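One structure below.
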Amino acid sequence: TMAVPLELFLSFFREASEAMNTYESEIYETPPTLSTHRRCLLEVQLKCLKQVVSTYANGAGSKNGSSYTLEKVQEKLRNLGKDCQEPHVKKAMDDMNDTARLVFCRLVLEAEYRWQRLDSKGDAVPRKLRKKEDGPFERSAIMEFLGLCCAMVKLPNVQAHLHDGVDLFDLGEEQLEAQPKNEGERELSSVEKRFIQVQGKLEKIQQLLLRAVGYDPDYATEEVQRIFLTPHNPAPEYAQDTDLHTTFEKSIAVISNCATNAALQRKNGLEKLSDHKEGGVTRVISVSHSEKIVEAGSLKEYTEHNNTAGTAPKNESMEQQAEEEQMEQLRLAREAANLQQSILHDLLTMTEDDRNANLQVAKEAHDVFLSRALEIPPGP
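In our numbering, the protein residues as written are 3 to 382.
Structure, rendered in structure tokens:
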């Protein structure tokens, strides 16, 4: 069996990541399908793999008599995810896959953003989007949408848009003017204003992603509310789908954290939520969520191709236990999200003085908790 050098794989992961990061899609009259975006990225990866294999075949491979063919390297690459014992190689592969997911989301979002800007001027080519008469929001489309939502909050374009108010993508046009405040509205605090602005921007981005998965945003939003946000009358087709509901809860937590962080801090050195002016030492720099992000509908990497091997089947009692654990995790995630929103609402509705005072109290409580936790002796 031919032993493919790990350096070949590392070169592929590195060059493929760089090529995908700089890849720009062609401009179409209507946004390409998601499968088209995936195919384009796979072609970028394949081109890089061919170049790396050719380099090694004419270099190190020819010197030691090895024959590095594309087919043989691809076969080794498919099994690398489960067979690799080198942490740095596994990390490089994971980094490339993460890059593929983010670039995929960037391509999807930019295509939809271009179409939306043309549509706002009446210059867009009409497109068919699914509405109520076309049937319910399909599970595969929901998972695709949630996966894109979790990826989009990591995009530099999105972060700059939320933090600094720049356009989502630079299309060589003037930025859209901010909407003036309606007469009679109460004056909001700076943090509260930013939070409302960030929420509005995120909602518009989610509308773009709903179009990307093929649905009219208004109808898809109604479906999301029907499926996930009506606990007294749950959607019968997904009522027992714990995986779907867990994915939704986690994506909501990710988006909520993104909105909170963007509202509480600005990238360009503008005011951050703190009590420094009053002589304190407390500053809220971010809010994090400890759940692992579920990125559904991601790019099918080479390492996953034809890899259907899994673990041994579980017996009935183990399946029931796993389902109960999922339901408990879902309940805890929902309660955590509700608690976070409640705390954030209270924080934003306080006066500046009350907010600073509560931040100081929170810091003192946090310090006391840590000191007591450190006093607990190790062991069972």
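The beta-carbon is built from N, C-alpha and C at its ideal position, and this holds for glycine as well.
The structure presented is a predicted model; accordingly, all values stated were derived computationally and were not measured.
Compare the beta carbon distance of D218 and L131 with 7 Å and say whether it is the shorter of the two.
yes
Rounded Cβ spacing between L116 and L246 (contact assumed at less than 8 Å)
The identity of residue 116 in the sequence shown is Arg, whereas the question assumes Leu. With a Cβ gap of about 31 Å, R116 and L246 do not count as contacting.
Is it buried or exposed for T249, if we count other Cβ within 10 angstroms and need 16 for buried?
Flag for T249 reads buried.
Bridge partners for Y115 per DSSP, in chain order?
Paired residue(s): none; Y115 is not in a bridge.
Identify whether F15 lies in helix, strand or coil by the three-state DSSP scheme.
helix
Of the choices K134, I257, A126 and A162, whose alpha-carbon is the least far from that of F147?
Taking F147 as reference, the option from K134, I257, A126 and A162 with the minimal CA-CA separation is I257.
Under 8 Å, with one C-beta from each stretch per pair, do the segment 165-175 and the segment 122-136 reach the 3-pair mark?
no
With distances taken between CB atoms, is the gap from S13 to T101 smaller than 7 Å?
no
Please report how far the alpha carbon of D166 lies from the alpha carbon of A264, in whole angstroms.
9 Å
Do E114 and A214 count as a contact pair if the criterion is CB distance below 7 Å?
At a Cβ-Cβ threshold of 7 Å, A214 and E114 count as neighbours.
Count the other CB atoms within 10 Å of the CB of R108; is the residue buried (16 or more) or exposed (fewer)?
buried
What residues match up with R132 in a beta bridge as DSSP calls it?
Y217
Proximal residues to R153 (C-beta, below 7 Å), its chain only, five neighbours per side dropped:
Looking at the sequence itself, residue 153 is Ala, so the reference to Arg does not match. Around A153, the same chain offers R103, L104, C107 and E297 as residues with beta carbons nearer than 7 Å, after the five sequence neighbours per side are excluded.
Is the beta carbon of L10 less than 7 Å from the beta carbon of V91?
no
Looking at the unbroken alpha helix (DSSP H) that takes in K49, where does it start and where does it end?
L36 to N60
Environment of Q87 [buried if 16+ CB atoms lie within 10 Å]:
exposed
Quick check on DSSP: helix, strand or coil for T248?
For T248, the secondary structure class from DSSP, reduced to helix, strand or coil, is helix.
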